[in-house]
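Residue numbers (my numbering), protein chains in the order written: chain A, 21 to 396; chain B, 24 to 334; chain C, 38 to 574; chain D, 132 to 455.
Note that CB positions come from ideal geometry on N, CA and C, so glycine has one too.
Heads up, the thing below is written out as structure tokens.
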Amino acid sequence: MSTAPVKIPRWVDVGLIPVINIALAFLVSGVILFAIDVHPLEAVEIILYGAFGYDEALGYTLYYTTNFVFTGLAVAVAFHASLFNIGGEGQAYIGGLGVGLGILALDPYLPFIVILPLAILLSAAFGAAWAAIPAYLQAYRGSHIVITTIMFNFIAAALMVYLMVNVLIQPGSMSPESREFAEAGHLPFMHEVFGWFGVKVTPSPLNLSVVWAAICCLLVWVFIWHTRWGYEIRTVGANETAAVYAGIDPKKVIMLAMCVSGALAGFVGINEVMGVHHRLLLNFTAGYGFTGIAVALMGRNHPVGIVLASLLFGMLYQGGAELAFEEPKVTREMVVTIQGLVILFSGALAYMMKGPVERTYVRIVGMTQRPAAQEG
Amino acid sequence: AAEVNPAVVFDMGGKFDKSFNEGVFNGVERFKKETGVEYREFEVTNETQREQALRRMAQRGANPVIGVGFAQAPALEKVAKEFPKTRFAIIDAVVDLPNVRSIVFKEHEGSFLVGMIAALKSETGKVGFVGGMDIPLIRKFACGYEQGAKYVSKDTEVVQNMTGTTPAAWNDPTRGSELAKSQFDRGVDVIYAAAGGTGVGVYQTAEDSGKLAIGVDSNQNYLHPGTMLTSMLKRVDVAAYKAFKDAHDDNWTSGIQVLGLAQDGVGWALDEYNKDLITNEMRAKVDQAAADIVAGVIDVHDYMASDSCSY
Amino acid sequence: MAEETHIAAGQAAAPAIKLRHINKAFGAVQANRDVCLTVVPGTIHGIIGENGAGKSTLMSILYGFYEADSGEILIGGKPTPIRTSRDAIDAGIGMVHQHFMLVDTMSVVENIMLGAESGAILTSSVAKARAELERLERDYNLDVDPDALAGELPVGQQQRVEILKALYRGADILILDEPTGVLTPQETDQLFRILDSLRKQGVTVVLITHKLREIMAITDHVSVMRGGEMVADRVTAATSKEELAELMVGRKVLLSVDKQAPRVGDTVLSVEDLTYVDRAGVARVDHVSFQVRAGEVVGIAGVSGNGQSELLELLSGIRPMTAGQVDVLGERFSAARPLDPAAMRALQVAHVPEDRLRMGLVRTFEAEESAILGYHRDPAYNRGLFMNGEAIRSDCAKKMADFDVRPQAPALKTANFSGGNQQKIVLARELSRGPRLLLVGQPTRGVDIGAIEFIHKNLIAMRDAGSAVLLVSVELEEIMSISDRILVMFEGRIVGEVPAAQADERLLGLMMANAATEEEALATHPGLPGAIAVEPE
Amino acid sequence: MADLLLNLLLSFDATLRVATPLVFCAMAGLFSERSGVIDISLEGKMLAAAFAAASMAAVSGSAWLALGTGILVSICLALLHGFACITHRGDQVVSGVAINILVSGLTVVLGIAWFARGGQTPSVGPEARFTPITLPGAEALADVPVIGALYSELISGHNLLVYVAFAMVPLTWWVVYRTRFGLRLRAVGENPNAVDTAGISVARLRYTAVLCDGVLCGFAGTYLSIAQNAAFVREMTAGQGYIALAALIFGKWRPVPAMLACLMFGFLDAVAIRLQGVEVPVIGPIPVQLIQALPYVLTVVLLAGFIGRAVAPKAIGTPYVKER
Ligand SMILES: Nc1ncnc2c1ncn2[C@@H]1O[C@H](COP(=O)(O)OP(=O)(O)OP(=O)(O)O)[C@@H](O)[C@H]1O
Ligand SMILES: Nc1ncnc2c1ncn2[C@@H]1O[C@H](COP(=O)(O)OP(=O)(O)OP(=O)(O)O)[C@@H](O)[C@H]1O
Ligand SMILES: [Mg+2]
Ligand SMILES: [Mg+2]
């Protein structure tokens with residue numbers, strides 16, 4: 021809004037400050053690590069190297085990133101209609117179910133080329149359907165979306181256990197997993213894809229769905245800011261009375277936003293079920309739906325921000341695993357703690373350093389006047 | 024002794040899951056103490072890490088590598104193919120490869136015995152079972168337990184509860200305690216818990232309400248002396264220990280090991296903490312049954328055999 | 038600042054307020070530049086200025102809501118640093134903000150107690166507050182129901198609550214930021230009566246308004262701001278509306294609208310027995326029937342809250358009608374076939390809503406996005422599936438130029454335009470597509486006279502271009518100067534129609550109060566109306 | 132029939148036990164959210180308090196010291212939340228998520244470091260716990276037909292914290308609707324500008340609110356680890372913080388309705404537990420997962436059927452910004 025006499029260049033806001041925040045997080049984590057005599061700097065090095073250092077590491081990082089992009093976008097789209105969708109977890113779960121059922125039914129008969137679009141469609145449809153019920157209840161019965169989506173997470177979990185244990189499990193198998201899909205039901209891994217072009221890459225779970233995630237980012241960006249439906253969603257989100265005045269039906273918009281949101285969450289199923297495990301199984305969502313909330317909000321509900329936040333989380337997951345692997349003293353809970361600190365400093369306390377940093381910047385630039393108050 | 028560089032990949036529950044992961048942990052710790060050989064370890068936090076961890080272990084030249092839990096079977100199969108020189112052991116599942124030792128247990132036999140003990144001890148003729156999640160493995164425990172209880176007397180009533188539908192079900196003592204209370208309210212006076220950390224709540228409630236409980240996997244009698252009637256022992260610790268030790272002593276064998284009563288793979292715990300609770304004739308009856316099972320006189324139905332507990 | 042001294046001259050008592058060289062910048066915007074102001078105790082001091090001139094900012098500084106970058110504040114002669122509202126309250130300053138600072142979900146008493154409770158436990162405070170309230174109501178005949186929910190009171194009443202809040206805190210300096218912007222003439226009269234009695238009791242009042250006649254009617258002194266600077270101070274008696282207008286806008290302003298006789302065409306809107314019953318079962322609009330023909334302006338006068346707002350919302354399709362029928366440009370609508378906003382726009386019916394912030398705009402949107410609200414589906418703004426950014430921007434820029442919106446920045450956040458300019462954005466959106474029927478509510482609320490002149494010109498232009506215009510306003514002056522026919526609403530019914538030519542404030546006032554006889558009418562209308570009735574221009 | 136009644140009675144009994152932490156958390160959330168600060172870190176604060184209390188109980192053997200520690204730790208986290216959301220205008224949800232994740236990791240890390248039991252704390256004896264107390268005359272009345280049974284079975288025989296929890300509800304109501312603090316609390320959640328222009332510091336007010344929140348979460352956690360259980364087990368809150376949040380919204384941010392919502396969740400849960408494994412005449416055994424999902428399904432149905440729209444405090448979730 022109001023412009024400062026000294027223009028704070030964008031790189032300070034989008035580059036410098038986030039880096040400082042993450043540094044702070046690692047500083048605090050360092051204290052903990054130091055306490056269990058693990059060398060903090062080495063730890064950081066392991067995390068960074070383990071996350072980006074070589075092709076396999078990068079593969080895993082991007083594989084996690086893919087999931088976070090899907091769930092982050094899901095939360096963001098709902099948020100633009102001022103709907104707080106905590107149900108990403110359940111929608112992802114059911115989306116995966118859709119993919120699984122579809123492929124189990126079709127892979128004997130259809131080729132990959134046909135199955136892929138069907139699978140994408142099914143994951144979207146199932147995810148959307150699971151979001152549509154809470155959406156309907158919010159729009160037409162006034163029941164609060166936060167409660168209903170929480171409840172639907174639990175219901176989804178129960179449903180999946182029932183299906184996996186009683187219906188979809190392979191006879192005589194110990195683990196509640198479906199049979200493995202036929203080749204036609206496998207989404208190619210990126211290392212295979214690179215292989216086709218003769219590029220040799222170390223195997224990792226990273227698969228084609230990362231491309232789909234990128235496409236989704238673009239689609240969401242266009243959808244929210246460059247289509248009339250996005251315009252309507254944002255209008256309802258910002259000012260419902262104005263929306264009614266503009267001839268927009270908030271009920272329909274709520275349904276639309278939540279269905280898109282659910283569909284996006286459902287795509288986690290493509291990555292996990294079709295891309296990595298090639299079978300239907302329990303708990304493949306592993307909390308990605310919940311983390312998506314933090315991802316979306318840290319990314320300010322904008323695809324670019326969400327991609328960056330997802331990368332951050334991807335780094336924490338993969339790099340953290342490497343740290344736990346390399347440093348016997350570092351337990352996985354230690355890694356979780358570090359993740360918490362990073363979210364705290366680069367998410368919740370994101371603005372803490374803004375004032376000081378900008379002031380020092382201004383001082384360095386040699387101006388005395390205080391820069392503008394930041395936007396809330 | 025041969026040059027070994029052992030490693031273990033624990034499953035989601037983590038090495039302190041009050042269940043088979045913890046059993047394995049105890050086993051490999053014992054190996055470390057005895058031989059002074061360090062081992063690598065990793066606890067997976069999501070489905071995808073299993074394969075990653077196993078492969079990473081193999082890449083780092085770990086050998087042998089233990090994968091804990093049936094859930095690791097697909098991943099381990101894949102990795103074992105990639106590293107035919109590396110020796111793998113998988114617990115609770117069968118992976119049929121030349122370089123893999125598969126160790127499975129007859130939990131139903133052990134559960135049968137503790138089921139008998141429960142029924143023999145029960146005054147109300149009602150015994151309880153609390154499982155973590157409703158998955159085949161747990162049904163296998165429940166099924167054996169039920170058979171044991173009914174074996175003592177046809178009309179023993181077995182009340183079964185499952186804790187939840189998410190992994191949280193393995194760490195929910197509060198819910199465990201509520202389930203236990205509800206079973207006690209229904210007249211149950213002995214509860215067998217196969218629910219990891221959730222069991223903690225079951226045992227505590229049993230103590231608080233002066234009833235009895237039965238531990239699982241490792242010997243948990245010491246937790247609440249006077250309340251813990253016994254524990255169903257599933258010697259994953261021994262299995263894990265032996266896997267490392269065999270490699271260490273150069274007499275590793277691949278192939279499938281089915282550990283039941285006969286092989287002392289399963290059993291029930293009797294120690295100073297519960298000896299006062301187990302009368303001699305109880306003990307006699309149970310030992311007899313154990314012998315019969317080993318001899319094949321008693322055939323304990325395995326849930327996995329028919330995917331159902333009809334016997 | 039020569040004027041400053043000439044006012045102070047002769048006054049023995051120390052000035053109630055003295056502002057010295059106040060500067061305030063919001064980033065690049067210099068909202069106040071070296072502003073000096075002297076207010077004589079026990080007087081009413083008016084402050085006028087265009088939208089964005091810096092009035093609200095100056096007062097916010099005086100009330101400790103903003104902190105001045107530099108400058109000095111003296112209260113009763115003593116230098117008084119005011120950093121927070123608490124300081125201001127302690128210095129005996131009370132403020133009625135332009136957008137009220139009430140908690141809608143709490144009762145009047147609770148709102149008044151807030152921050153001035155007498156103890157940690159409410160029961161005692163409530164009792165005390167009630168007693169105090171009764172006294173204040175007696176002394177200044179400000180009556181409000183202490184137990185009503187603030188949010189459910191009409192604006193006039195809400196404003197009284199704000200004033201009571203200030204008095205309850207023992208304020209002897211009272212600042213009002215555009216208090217009359219939202220009031221009906223009747224409510225305005227009452228407000229001024231209250232201010233008058235406050236003045237008599239020695240309270241000092243600072244009054245911000247865009248309405249020169251109010252300045253002339255009630256203030257003792259008046260200061261004019263332009264572009265953040267204080268450009269003049271006058272003794273009210275020694276100046277004229279014309280002079281003030283010129284000082285304010287920096288050019289001559291026509292205070293009256295000149296227009297030819299209407300060239301009336303055929304009927305565009307015909308309403309029959311239109312009825313709307315709200316949830317509470319009250320008939321807000323009650324068997325209303327009338328026509329509007331092309332090329333005429335029909336004004337609807339009425340004390341606000343008598344159904345005009347609902348009528349507009351019914352006709353624009355925002356509220357579902359309960360009964361009756363509406364014919365718009367040949368289309369027939371009824372309870373069975375309800376109107377809806379989209380359909381009405383398709384019929385080229387435009388609607389300028391009463392409350393721009395609540396309905397007409399989305400404050401968080403860029404101006405260009407707010408400028409297509411309701412027309413976002415229009416092919417002109419879309420390219421197939423996508424919206425056409427360039428078209429939207431250039432279109433908005435053009436509208437801003439045509440309607441002289443300041444600043445002319447399509448990408449600026451809507452909230453960052455002053456209310457007056459926000460209003461222009463709405464008008465630009467609705468007027469510039471030459472609708473066949475135009476529904477307008479309070480088009481000049483909170484808008485400075487320069488803008489008012491401009492807006493009125495445009496409305497007349499629309500009418501001359503053959504549009505039918507239905508105008509709802511609580512500004513009788515406005516109604517009378519623009520309309521060709523005037524309908525008066527009372528309690529949801531249309532109680533009379535007057536050709537604009539024969540209308541005058543008193544007559545309309547009587548009808549609006551639905552007063553049967555002259556005497557009763559006077560009873561509802563004593564005192565000031567004469568004083569603030571339009572002087573013949 | 133009779134045993135059905137008893138069963139119902141026992142479900143009510145269980146309801147109280149299960150609802151207690153929910154009630155504490157719901158009241159905690161009420162203070163925070165009424166002041167305009169979203170609090171999804173109920174879960175984390177409760178978990179941290181549970182751990183702190185259990186640890187202190189284990190080392191000191193005093194339930195009261197444990198309670199104090201639990202509350203203290205919970206308060207610290209509440210202040211952290213405040214520091215992020217009030218002082219630095221951080222995103223309230225993100226801050227909540229961060230705290231939840233941080234705590235779920237840290238409790239185990241410290242647990243392992245201190246007790247070397249894989250994050251579990253040593254289970255403590257009755258002296259270091261809040262154990263059930265029989266109210267005066269419970270035995271005496273026990274065999275008086277209805278009332279006696281009710282009194283002795285339902286009312287009596289809970290631990291102290293259960294009674295505290297339900298005492299908190301009227302207390303909260305009184306504070307929110309009958310005190311100066313309550314008045315300002317309600318105001319600041321609806322319209323912080325009004326509070327500011329009335330000369331009250333918005334920040335101080337909100338800090339006080341999250342402080343109350345912290346205290347109550349401390350009670351909840353302590354109850355979990357050393358009243359309902361005798362030790363801390365990692366992740367032992369198992370999502371109850373979120374359920375409490377749902378109850379708060381369900382109760383439209385008002386104390387008594389929120390408590391009723393908690394009781395409803397508790398009851399549905401208790402019933403679900405008792406329904407497991409029962410056979411329905413025609414259908415036969417109901418799949419256990421269906422029973423386990425029942426509470427959530429019923430909640431949704433109730434919400435859709437009978438509860439009107441819940442309107443949140445107007446200013447909730449938006450940090451108070453004013454240019455200076
Ligand atoms: N909070 C703010 N942030 C940035 N700029 C502001 C802010 N408030 C005011 N301004 C700037 O200061 C100028 C003066 O604003 P102010 O509200 O004082 O005008 P005003 O005289 O009250 O206008 P109006 O008659 O519309 O109320 C505005 O034009 C605006 O550009
Ligand atoms: N957050 C903000 N950022 C920048 N400028 C602002 C902000 N809020 C208000 N302003 C500026 O403050 C000035 C007054 O804003 P406000 O909304 O009070 O106008 P207003 O007083 O309603 O105008 P009017 O008197 O015509 O109704 C406007 O010029 C606007 O540019
Ligand atoms: Mg203003
Ligand atoms: Mg204004």
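- Its Cα nearest to that of Val255 of chain D, the residue D:Ser356 stands out among D:Pro418, D:Ser356, D:Arg440, D:Ala401.
- Straight-line measurement puts the Cα of Leu342 of chain D at about 55 Å from the Cα of Ala383 of chain C.
- In its chain, beyond the 5 residues on either side, Asn227 have a beta carbon closer than 6 Å to the beta carbon of Phe209 of chain A.
- Boundaries of the beta strand (DSSP E) around Ala112 of chain B: 111-114.
- Chain order gives no chain D residues near Asp178 of chain B, where near means a beta carbon separation below 9 Å; the closest approach is about 17 Å.
- Residues of chain C whose Cβ lies closer than 8 Å to the Cβ of His246 of chain A are, in chain order, Phe423, Met424, Gly426.
- In this structure, Leu179 of chain C keeps its C-beta atom at 9 Å or more from the C-beta atom of Leu211 of chain C.
- When C-beta atoms of the region 307-325 of chain C are compared with those of the region 491-506 of chain C, fewer than three pairs fall below 8 Å, so the two segments do not count as touching.
- Where Asp34 of chain B is concerned, there is no enclosing alpha helix (DSSP H), because DSSP gives it neither an H nor an E.
- The continuous alpha helix (DSSP H) containing Leu281 of chain C extends over residues 278-286.
- Between ligand 1 and the CB of Val66 of chain C, the shortest heavy atom gap is smaller than 8 Å.
- Taking 7 Å as the upper bound on Cβ-Cβ separation, chain B lies near no residue of the region 104-138 of chain A.
- In the three-state reduction of the DSSP assignment, Asp184 of chain C falls in the coil class.
- Listed along chain C, the residues sitting closer than 7 Å to Asn324 of chain D by beta-carbon distance are Met138.
- Nearest Cα to Gly91 of chain C within the set C:Gln67, C:Asp270, C:Leu56, C:Gly188: C:Gln67.
- The DSSP assignment places 130-144 as complete runs of the alpha helix (DSSP H) inside the region 113-164 of chain B, in order along the chain (cut-off: 4 residues).
- Using a CB distance below 7 Å, no part of the region 274-299 of chain C faces chain D.
- Per DSSP, Asp501 of chain C is not a residue of any beta strand (DSSP E); the alpha helix (DSSP H) it occupies stretches across 486-501.
- Around the beta-carbon of Asn274 of chain B, fewer than 16 other beta-carbon atoms lie within 10 Å, marking it exposed.
- Contact check for Cys348 of chain D against Met187 of chain D fails: the beta carbons are separated by 9 Å or more.
- When C-alpha distances from Val239 of chain B are compared across B:Ala25, B:Lys41, B:Val31, B:Phe48, the shortest belongs to B:Lys41.
- For Gln328 of chain C, the enclosing beta strand (DSSP E) begins and ends at 320-330.
- Interface with chain B (9 Å Cβ-Cβ cutoff): His297 of chain A is included.
- For His388 of chain C, the enclosing beta strand (DSSP E) starts and ends at 386-389.
- For Ile404 of chain D, the nearest beta carbon of chain B is closer than 9 Å to its own beta carbon.
- Val535 of chain C is positioned such that its CB atom lies no closer than 9 Å to that of Asn551 of chain C.
- Contact of Ile167 of chain A with chain D is assigned, a C-beta pair being separated by under 9 Å.
- With a contact defined as Cβ atoms closer than 8 Å, Ala183 of chain D and Gly201 of chain D qualify at about 5 Å.
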